[in-house]
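From first to last, the protein sequence lines are chains A and B. Convert by adding 35 to the 1-based position in the first sequence; the result is the number in this note's numbering. Convert by adding 12 to the 1-based position in the second sequence; the result is the number in this note's numbering. C-beta atoms are modelled at their ideal positions from N, C-alpha and C, and glycine is treated no differently. Since the model is a prediction, treat every value here as computed from it, not as a measurement.
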Amino acid sequence: METLMAFAVGGLYAAAIYMMLRRSIVKLVIGLVLLSNAANLLIFTAAGMDRGLPPLIPEGMLVPDGPVADPLAQALILTAIVIGFGVLAFAVVLIHRAYEVVRADDMDQMKDTDT
Amino acid sequence: MLFAVLSGFLIAAIAPWLHRLSGRHSGWLLALLPGALFVYFLGFIPEVSDGSAVRLVYPWVPGLDIQLSFLVDGLSLLFALLISGIGFFIVAYAGRYLEKHRDLGRFYVLILSFMASMLGLVLADNLIALFVFWELTSITSYLLIGYNHEDKSARQSALQGLFVTVGGGLALLTGFIMLAIVGGSYELSEILASDGLQEHAWYLPMLLLILAGAFTKSAQVPFHFWLPNAMAAPTPVSAYLHSATMVKAGVYLLARLNPGLGGTETWLLILSLFGGLTMLTGVFLSARSTGVKKVLAYSTVMALGTLVMLIGVGTETAIIAAVTFLLAHSLYKGALFLIAGILDHEAGCKDFLQTGGLRRALPVTTFFAAIAALSLGGVLPLFGFIAKELMLEAVLEAPRVAGILTAFAVLTAILGVLVAAIVGIKPWFGPRVETPKTPHEAPPAMLAGPAVLASLGLIFGLAPWLAEGGILAAAATVVYGAPLTPKLALWHGINAPLMISIAGLVLGLLLYTQWARFRAAFTWLDPLARQIGPERQYERIMAAMVASADWQTRVLQNGYLRYYLLVILITTLLMVGITAQIYDISIGELSFSGVQLQEWAILGIMLAAAFVAVTFRSRLGAVASLGAVGFAVALIYVLFSAADVGITQVLVETLTVLLLVLVLFRLPGFLNLSSRLVRIRDAIVALSVGGMMTLLMLSTTHTRLYDSISSYFVQESVPLGYGRNIVNVILVDFRALDTLGEIFVLALAAVGVYAMIKLRAEDSRK
């Protein structure tokens, strides 16, 4: 599964970077969303992928019954997802604001610090 | 000792307040510090006069094995006495000289810091400590040259001095590190005691780097140009830093390293030839100048060249000559610079051509100026005479290139007398020339320095055993590396050096009568020097540096995000590629066994959706595909035991799509902004980076260098965190601070979003 995930994550990275190299800011933001998905999956894969082993401890026990998936990577990804959304929300409003001033979805029109 | 060295910094910190409290007499008050240090160092003379050394060690950075160690021996004590002794007169003098300057307090801070740095430099035994103090003198010197910071030329000269000396300092640091590796220690005393420095393969590069540092600091050809420019500093600074102390730091370093690095053919040839050339260049330029401080500055270049040359020659006589000349020069040059300050301050003269016949108005100054000038010219019975005789003797007996050095020395002797005559005769005797100010005698604080320093030149000349027994013998022993017992005497009988001296005296005085014609005879050199001289080269280098910085900025900092990204990505690709090549990274076997059908389907949908999001021309379509990617990712989380993550991903993805749809609705549709070629280039870069990530993942999935720390969280989740969902326990308990930080980020983003929406509302209301 990790092998397949490597290709999938590579594909997501390629898509994200292509979008980030565009002049349109909207595409840049789409690229950023793709990039954060790719990075999260990368961490997820690196921690090892296990089916049906949620990191939960059954009632009445001190430790899980048998091996579980790596909880630390999940916690990190959870944090990353939420922060990624915060950044995205800010970026989207910023774009909207910038568009109101510059009247174009083109980064080359935004080279002036005064706009 | 530590306190003695650092006291300068301590007093410097409170100097402005002391100055404000004590008012007019602050100069004398603050001069007490160097005065006290002078007395303190005098106390070391009995201990070191037999050639032994006192070593004091204080831990500094114990972890890195760097210690603040001080070494008091003949050489460092000679310098310490000069620094503190002359420092005493300089500070007292400056109190009066700069009395009306509104920044006198700042001056005290700088000059005392400089003094402390210089003391640290000559006393340090640890190479790192020495280097730190070395750079501190460069920095304080920079601040002092640019003391009149409203003057553009002063600022430029300060920067020039800084660039030249700090550039050399950089080379010096490299040389020091090599020296420490070769010598096996950072302690100078241990390095110099070790064998095999000269046979080591690094000897030549190490020597050249250290010489680059010493030569720039001590203004040797071709770096001599910064020193005369440094005369933009107030006169007490010129007297102290740029004649008596700082510029001698390079000489000190060479003298200190002579027992370890000296004596080789390379050392002898480089030092004696560069030194000799510097000596001649200095005295020649000095005799051609008319500005008071310029003449003195170039004659300092001459003295520095002489010292370097003598250390290079390295015979017993040469070393004795070097320490004798060092002391003699510091005494008369300090005195003459202070007298130059008096000329400027009391008569308003900055140029020798403006002066003449001042002996009636300034009788005391004239007297001491004449004594100091006689010492400069090397005339019987002054200390300068002894030094010059020794120098000539050493040059005549030089083991190599004696002929060239003798020629240099004879010419220097003649021109030296001319310079001495310019300084000692021109302003004081002959017809009275109108000066810009009505001349009058200087106050005692300004006369004390020249009087004492010039008189010492006379006293040591008449009674050389005073200087020799106490300190010069010990200093010469340290430099030579073996016991030396100099027998300084005024009269050596009629010998070759004496004949040269007499000839020099006669010819020099003759030249003085023709001074104007002498200057006129060489005016053709000026345009040449401006075209190809070292200063011109310095300017070229600086201009080239600015130009390349300008070019670099235009190329790298061009303001286009995508080019920044391209540079970063391509650099990463190259570096990862090279690393993979070097370490021969393999990706192992590709195995898709065990992958279930639904997983193929989910990943296939995800990649297809990503492709659509990238290529679709409609914004809504792109955003919808983006949502599809996100939900596919969520499904993967859920399938692979990360239910919480999956739920979060679903929620966030929904919100993301909603937000994008809401906002994008107000933006224009996608335009085709890039050409086909650009798109292909970007696609290649993007695919390469994606491929790189795939390869990296493939090569690392089965590598585990360390055990995961997760087992701790799994074990302790219930006992410590009282929770059964381990992920949640980590988030709110074990790593609660992270989560707090996350909440802050979200709150900030929310505030930012709110502010921008508010701002827009207010804008539209206007």
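Inter-residue spacing [alpha-carbon to alpha-carbon] between residue i and residue j
i	j	result
B:Gly196	B:Gly75	17 Å
B:Leu156	B:Ala242	9 Å
B:Pro443	B:Trp527	16 Å
A:Leu97	B:Tyr734	9 Å
B:Leu619	B:Val690	23 Å
B:Leu280	B:Ile332	16 Å
B:Arg167	B:Ser230	21 Å
B:Phe623	B:Phe188	58 Å
A:Arg132	B:Gly681	17 Å
B:Ser720	A:Ala108	10 Å
A:Val117	A:Leu123	10 Å
B:Ala245	A:Val137	53 Å
B:Leu609	B:Glu665	25 Å
A:Met84	A:Glu37	7 Å
B:Leu685	B:Gly702	24 Å
B:Pro46	B:Gly493	30 Å
B:Met130	B:Phe91	9 Å
B:Val645	B:Gly658	8 Å
B:Leu502	B:Thr302	32 Å
A:Ala73	B:Ser165	58 Å
B:Phe50	B:Ile580	58 Å
B:Ser653	B:Asp750	23 Å
B:Ala592	A:Ala43	21 Å
B:Asp207	B:Gly55	33 Å
B:Phe472	B:Gly516	23 Å
B:Cys361	B:Gly275	46 Å
B:Tyr595	B:Leu585	15 Å
B:Ala556	B:Thr535	29 Å
B:Ser687	B:Leu672	26 Å
B:Glu601	B:Val588	21 Å
B:Ile426	B:Leu182	38 Å
Simplified DSSP assignment, three categories, for residue i
i	result
B:Leu223	helix
B:Gly303	strand
B:Val607	coil
B:Lys778	Note that B:Lys778 scores a pLDDT of 49, beneath 50, so its modelled location is shaky; the value from the coordinates is reported in the next line. In the structure shown, B:Lys778 sits in coil (DSSP, three-state: anything other than H, G, I, E or B).
B:Asp115	coil
B:Val259	coil
B:Val194	helix
B:Val66	strand
B:Ile506	coil
B:Pro495	coil
B:His357	helix
A:Gln109	helix
B:Leu234	Correcting the residue identity first, residue 234 of chain B is Pro in this sequence and not Leu. Of the three classes helix, strand and coil, the one that applies to B:Pro234 here is coil, per DSSP.
B:Ser653	coil
B:Gly39	helix
B:Gln661	helix
B:Leu14	helix
B:Leu338	helix
Beta-bridge pairing of residue i - partner residues as DSSP gives them
i	result
B:Gln79	B:Pro71
B:Glu199	B:Asn138
B:Asp363	B:Gly303
B:Val84	B:Val66
Proximal chain D residues relative to residue i, where beta-carbon distance stays under 7 Å
i	result
B:Met618	Here chain D cannot be found, since the structure's protein chains are A and B.
Pair every Cβ in the region 306 to 324 of chain B with every Cβ in the region 283 to 294 of chain B, then say whether three or more of these pairs are closer than 8 Å.
-> yes
Scan the region 42 to 102 of chain A and note each continuous alpha helix (DSSP H) run of 4 residues or more that stays entirely inside, going in chain order.
-> 60 to 81
Counting only runs that start and end within the region 146 to 189 of chain B, where is the beta strand (DSSP E) found for 3 or more residues in a row?
-> Entirely contained in the region 146 to 189 of chain B, not one beta strand (DSSP E) run reaches 3 residues.
Please determine if the region 404 to 412 of chain B and the region 504 to 514 of chain B are in contact, where contact requires at least 3 C-beta pairs separated by less than 8 Å.
-> yes
Minimum length 4: unbroken alpha helix (DSSP H) runs contained in the region 678 to 749 of chain B = 688 to 712, 722 to 733, 738 to 741
Can you list, in chain order, the stretches of the alpha helix (DSSP H) that have 4 or more residues and sit fully within the region 538 to 608 of chain B?
-> 546 to 568, 573 to 595
Report yes or no: do three or more beta-carbon pairs, one from the region 260 to 270 of chain B and one from the region 217 to 226 of chain B, lie closer than 8 Å?
-> The region 260 to 270 of chain B, when compared against the region 217 to 226 of chain B, does touch it at the 8 Å Cβ threshold.
Does the count of Cβ pairs from the region 305 to 313 of chain B and the region 245 to 257 of chain B closer than 8 Å reach three?
-> With the cut-off at 8 Å, the region 305 to 313 of chain B and the region 245 to 257 of chain B touch.
Report yes or no: do three or more beta-carbon pairs, one from the region 483 to 490 of chain B and one from the region 332 to 347 of chain B, lie closer than 8 Å?
-> yes
Okay, do the region 203 to 222 of chain B and the region 70 to 84 of chain B touch, 3+ Cβ pairs below 8 Å being the bar?
-> Inter-segment contact for the region 203 to 222 of chain B and the region 70 to 84 of chain B is absent: fewer than three beta-carbon pairs are separated by less than 8 Å.
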